[in-house]
Amino acid sequence: MDVVVVESPNKVKTINKYLGKNYKVLASFGHVRDLPAKDGSVKPDEDFAMSWSVDGASAKRLTDIAKAVKDADGLILATDPDREGEAISWHVLEVLKQKRVLKDKPIKRVVFNSITKQAVLDAMANPRDIDPPLVDAYLARRALDYLVGFTLSPVLWRKLPGARSAGRVQSVALRFVCDRENEIERFVREDYWLVAAMLATPRAETFEAKLTTYEGKKLQKLDIKSQEQADAIKTMLDGAAFKALSVEAKPTKRNPGPPFTTSTMQQAASSRLGFSAVRTMQVAQRLYEGMDLGGETTGLITYMRTDGVQMAPEAISAARSAIAREFGDKYVPEKPRYYSTKAKNAQEAHEAIRPTDFSRTPAEMRKYLDADQARLYEMIWKRAIASQMQPAEIERTTVEIEARNGSRAAQLRAVGSVVRFDGFIAAYTEQKDEDSEDEESRRLPEIRMGDALDRKSINVTSHTTEPPPRYSEASFIKKMEELGIGRPSTYVATLKTLEDREYVTIENRRLMPQPKGRLVTAFMESFFEHYVEYDFTASLEEKLDEISDGKLSWKDVLRDFWKAFSATVDDIKELRVTDVLDALNEELAPLVFPEREDGSNPRICPKCGTGNLSLKLGKYGAFVGCSNYPECGYTRQLGGDGNGNGEAGGLEDGTKSLGKDPYTSEEITLRSGRFGPYLQRGEGKDAKRSSLPKGWTPASIDHEKAVALLSLPRDVGKHPESGKMISAGLGRYGPFVLHDGTYANLESIEDVFSIGLNRAVSVLAEKQSKAKGGRNGTAAAALKELGDHPAGGGAITVRDGRYGPYVNYGKINATLPKGKDPASVTMEDALALIAEKEAKGGGKKPARKTAAAAKKPAAKGTATKKAAAKKEE
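Just so you know, we're using this note's numbering here: the sequence shown kicks off at 759 and counts up by one.
Below is the structure:
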């Protein structure tokens, strides 16, 4: 018995039925291994070594596969016929090698483009080995995507708080969505007028002719720029005589388009069926994997992730037979049609999307399918059939007409077309691109050269130029394909990532870039321009294709890329946030400084009239604020309408308003408390508070600094070993970094806002090294001194121990609750923890002091040191 591994569990039963009892079919459920989502999974310094991980569900499936292979005669890898499928087979094989279950068993790789008995049996009869260049291309793509994402994203976190991530394909796709928005914002509307005449032939048949020439000048679309100019032309034509100067009937042919690719199927399903790209692929996947046709499960379409436009020779023959049967012999061309794609980087070896059997007409299949499946199958069937049909024969007629009024003359043109033979249109009619102008073909009446034409009316219509439309899902996918960005399997995933990151939203079926997405794009174009260039990304795709063809070494491609890319990242790390904001202010001027109705300078604060508006950065992203903070409290969200908020007023004595938080709309105030000046956002027990860091005076605090302080702690990045987040913050005893309960002090508050992942890891490692070195009889240093116990005397401190932070009082060591910030522990918190520990019999408190002694602070080197010297909990 041989074990056959496929991707989808939906295929298992069907393929097992095709193959019989000598085979056992198991599913991998897609990918079985991936790079862990932490820094260091790809190691450029170790020749791009990769660390793969297996999740729990995949581990169980791999164990089942390994158990079956151990007792089997051989292994057949039958995952999908694309690069991802090749990669999954490779991963499965690597895991089985590690488990040592293969021994000398034969290993075969088979691919089939459709789930039909014949296709599966043919594939089994023609096995091959795993294709190393295809696997190399996958490894290169995965490493590139990982390195870009995990190198760029931390830069974004530091320079653009609120930004989520950046990616090799994702950032370029986001760029063209944002570029379109920039076009729309910068678009200047123009008014123009069109003039047309409604004329009648001597046989009293009417038609419309449009003005093309006036007094010897050819008119372009925008040449008539005023109502007065249009009215003057109308007056001349109202008194003119019209005559047909020429009539030209020119026969033309329209050829059908190729069968569907992933991209064209998604576009057509969007415009014709109203399907989202995700819905289209869900339905197509079901049609591919197989439907129950009266007791027999079989696939109805070929593999639906493809950019190829050709059909197999046997499919072409079947299509031609179906055309003759369904439409008649005259619709079958003399020779079969062959297509080549215009898309960049297409894998021509892949077949287009087509029915597995053209004799299964949409009408016959409807009873086996639900409504969406039937509609999509019908569209695929008709498009594939049409691709092999005769061209449509169309006669296009152009009539040139003279209008003469005394010595003044004008020329008009009427155009119409007649379908003489419908050809492929009988099966499938192409729809106009949803973003193009809809110019319906008109049929003209019989017009003869020299005919005098009767004027019925002269019509003047006013128009305004419109900006280009925002991308729909369909046009977004079309653009990705045209630019050569990504692959058929990545189009939908890329769009979903942009939505999940809140970089774009879909409104009325159009992609709306959000301020967060536009900030990321502006940042990338300003500082990583080369890496979001369309040609650069497409050329990298071409290199991946050359790897898959065995023409390039995948590690050579990675070395070349990484050398330049890492150098660029190192340069950008040195940038100050103010440099970034200055660049973004210019790049995003229409968004940051929208024009005002009163025509005033959009960069001047509308509240105080003297401050300059600029981008500011907070924990949750960017906002617009005035340079005159704290005197001026104007802020607004990026992309807002410009109306201010943050008015001061109604505050208690001793407080100073710094404006409102741009995201929570809570009042931010500077206050003076028992322990000095501090910031507060909001009111009540849930208000967020922060003391001022060392070196910052109340006079130096503006709105920007206040928002930054109150947004702490800041996520620095995930620790490369634990995968847990490292954060930076400010405690009562200064700035710190925190990882998994371990705190390490930083030198200055500026470090909190600028520290990167590598340095944070080093600081934490140094702290742990010192802690380990002091455990033999040396107490951990106090993180915080809370003072003497109010009842019994003796110092109470907060310390960092081997098992995390704890409160120390004499011999009592009370561990802090998980997640509790040591810097936030109050005396009340400590007393409660100590009392709870005492109740459990944990340790002894110091001897009671006299009332007089209890009022005195513990002398250095006495009680505090003795308590600190005890064993940590």
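Backbone N, C-alpha and C define an ideal beta-carbon position, used for all residues, glycine too. It should be emphasised that the depicted structure is a prediction, and the values quoted were computed from it without experimental measurement.
Practice task
Evaluate the contact criterion for the segment 914-934 versus the segment 1248-1261: three or more CB pairs, one atom per stretch, below 8 Å.
Solution key: Enough Cβ pairs lie closer than 8 Å, so yes.
Practice task
Return helix, strand or coil for S766, following the three-state DSSP convention.
Solution key: In the structure shown, S766 sits in coil (DSSP, three-state: anything other than H, G, I, E or B).
Problem - Start-to-end residues for the alpha helix (DSSP H) that takes in D1331 - result: Residue identity differs from the one stated: residue 1331 is Lys in this sequence, not Asp. Segment 1312-1331, the alpha helix (DSSP H) holding K1331.
Practice task
Report buried or exposed for R961, applying the criterion of at least 16 other Cβ atoms within 10 angstroms of its Cβ.
Solution key: Label assigned to R961: exposed.
Exercise for the section: Would you give the residue range spanned by the alpha helix (DSSP H) that Y1567 belongs to? Expected result: Under the DSSP assignment, Y1567 falls outside any alpha helix (DSSP H), being part of the beta strand (DSSP E) whose first and last residues are 1562-1567.
Problem - Residues near P1120 by beta carbon distance below 8 Å, same chain, minus five either side - result: The residues are A1132, Y1135, E1136, W1139, K1140.
Handout entry: Minimum length 3: unbroken beta strand (DSSP E) runs contained in the segment 998-1045
Key = Correct list: 999-1012.
Problem - DSSP three-state assignment for I1159, whether helix, strand or coil - result: Residue state, collapsed to three classes: strand.
Practice task
Could you say which of G1242, L1589, L957, A1110 lies nearest to L1202 if we only look at CA atoms?
Solution key: The residue with the shortest Cα to Cα distance from L1202 is L957.
Problem - Check whether M1039 and M1062 have beta carbons under 8 Å apart - result: Cβ distance < 8 Å, so M1039 and M1062 count as in contact.
Exercise for the section: Inspect the CB distances between the segment 1455-1475 and the segment 761-777 and report whether three or more fall short of 8 Å. Expected result: Judged by Cβ distances under 8 Å, the segment 1455-1475 makes no contact with the segment 761-777, as fewer than three pairs qualify.
Practice task
Report all residues from its chain with a CB closer than 7 Å to the CB of G1369; omit the five preceding and five following residues, and keep chain order.
Solution key: C1363, C1384, S1385, N1386, C1390.
Exercise for the section: Measuring alpha carbon to alpha carbon, tell me which of Y950, R1044, V1382 ends up nearest H1461. Expected result: The shortest CA-to-CA distance from H1461 to any of Y950, R1044, V1382 is the one to V1382.
Handout entry: Backbone CA spacing between G1181 and I1143 [nearest angstrom]
Key = So the alpha carbons of these two residues sit roughly 11 Å apart.
Practice task
In angstroms with no decimal places, state the Cα-to-Cα distance between L1504 and P1246.
Solution key: If you take the alpha carbons of L1504 and P1246, they lie about 48 Å apart.
Practice task
Ignore the nearest five residues each way along the sequence and tell me which others in K1525's own chain have a CB closer than 6 Å to its CB.
Solution key: Hits under 6 Å: A1502.
Problem - Buried versus exposed call for T1099 [16 or more other C-beta atoms within 10 Å across all chains shown] - result: That one is buried.
Exercise for the section: Please classify F1116: does DSSP put it in a helix, a strand, or coil? Expected result: Looking at F1116 - three-state DSSP - the assignment turns out to be coil, as it is neither helix nor strand.
Handout entry: Alpha-carbon spacing of R791 relative to V812, whole angstroms
Key = When rounded, the distance between both Cα atoms is 5 Å.
Handout entry: Proximity to G1475 [Cα-Cα], best of S1469, L1468, S1485
Key = Measuring from the Cα of G1475, the nearest candidate turns out to be S1485.
Practice task
Name the two residues that bound the continuous alpha helix (DSSP H) containing Q1395.
Solution key: Element bounds for Q1395: not the alpha helix (DSSP H) but the beta strand (DSSP E), 1393-1395.
Handout entry: Beta-carbon proximity check, I1059 vs A1042, cutoff 8 Å
Key = Taking C-beta atoms as the reference points, I1059 and A1042 count as a pair closer than 8 Å.
Exercise for the section: Please list, in chain order, all residues of the same chain as K1374 whose beta carbon is under 6 Å from its beta carbon, the five residues on each side excluded. Expected result: Counting only Cβ-Cβ distances below 6 Å, and skipping sequence neighbours, we find F1381, G1383, E1462.
Exercise for the section: Would you decide whether D724 is buried or exposed? Buried here means 16 or more other CB atoms lie within 10 Å of its CB. Expected result: Residue 724 lies beyond the stretch modelled for the chain, which goes from 759 to 1631, so this question has no answer here.
Exercise for the section: State whether the segment 1156-1173 contacts the segment 997-1011, with contact taken as three or more CB pairs (one from each stretch) at a distance under 8 Å. Expected result: Contact holds: three or more Cβ-Cβ distances are below 8 Å.
Handout entry: At least 3 beta-carbon pairs within less than 8 Å: the segment 1108-1120 vs the segment 863-874
Key = With the rule of 3 Cβ pairs closer than 8 Å, the segment 1108-1120 counts as touching the segment 863-874.
Handout entry: Of the residues E1231, T1279, K1595, S1230, the one placed nearest Q928, counting alpha carbons only
Key = The shortest Cα separation from Q928 among E1231, T1279, K1595, S1230 belongs to T1279.
Handout entry: Touching by the beta-carbon criterion (3+ pairs, under 8 Å), the segment 1577-1593 and the segment 1489-1498
Key = As far as the Cβ criterion goes, the segment 1577-1593 touches the segment 1489-1498, which means the pair count is three or higher.
Handout entry: Whole-angstrom C-beta distance between R1472 and V1510, which should lie under 8 Å
Key = Contact between V1510 and R1472 holds, with the beta-carbon distance rounding to 7 Å and staying under 8 Å.
Practice task
Under 8 Å Cβ to Cβ from R1268, same chain only, skipping five residues before and after it: list those, please.
Solution key: Exclusion of the five residues before and after R1268 leaves P1227, R1228, Y1229, S1230 as the residues of its chain whose Cβ lies within less than 8 Å of its Cβ.
Problem - DSSP-derived helix/strand/coil call for Q987 - result: If DSSP states are grouped into helix, strand and coil, Q987 belongs with the helices.
Practice task
Going by DSSP, name the residue or residues bridged to L1211.
Solution key: L1211 pairs with F1000.
Problem - Sequence-distant residues of its chain with Cβ nearer than 7 Å to S1506 (five each side left out) - result: If we look at S1506 and ignore the five residues flanking it on each side, its Cβ neighbours are P1493.
Practice task
Compare the C-alpha of F1234 against each of L1031, I1264, V1218, D1209 and name the closest.
Solution key: Taking only the C-alpha atoms, the option nearest F1234 is I1264.
Practice task
Indicate whether R867 and L835 have their beta-carbon atoms separated by less than 8 Å.
Solution key: In this structure, L835 lies closer than 8 Å to R867 by Cβ.
Problem - Alpha carbon of P1388 to alpha carbon of R1030, nearest angstrom - result: Annotation: P1388 to R1030 spans about 56 Å, alpha carbon to alpha carbon.
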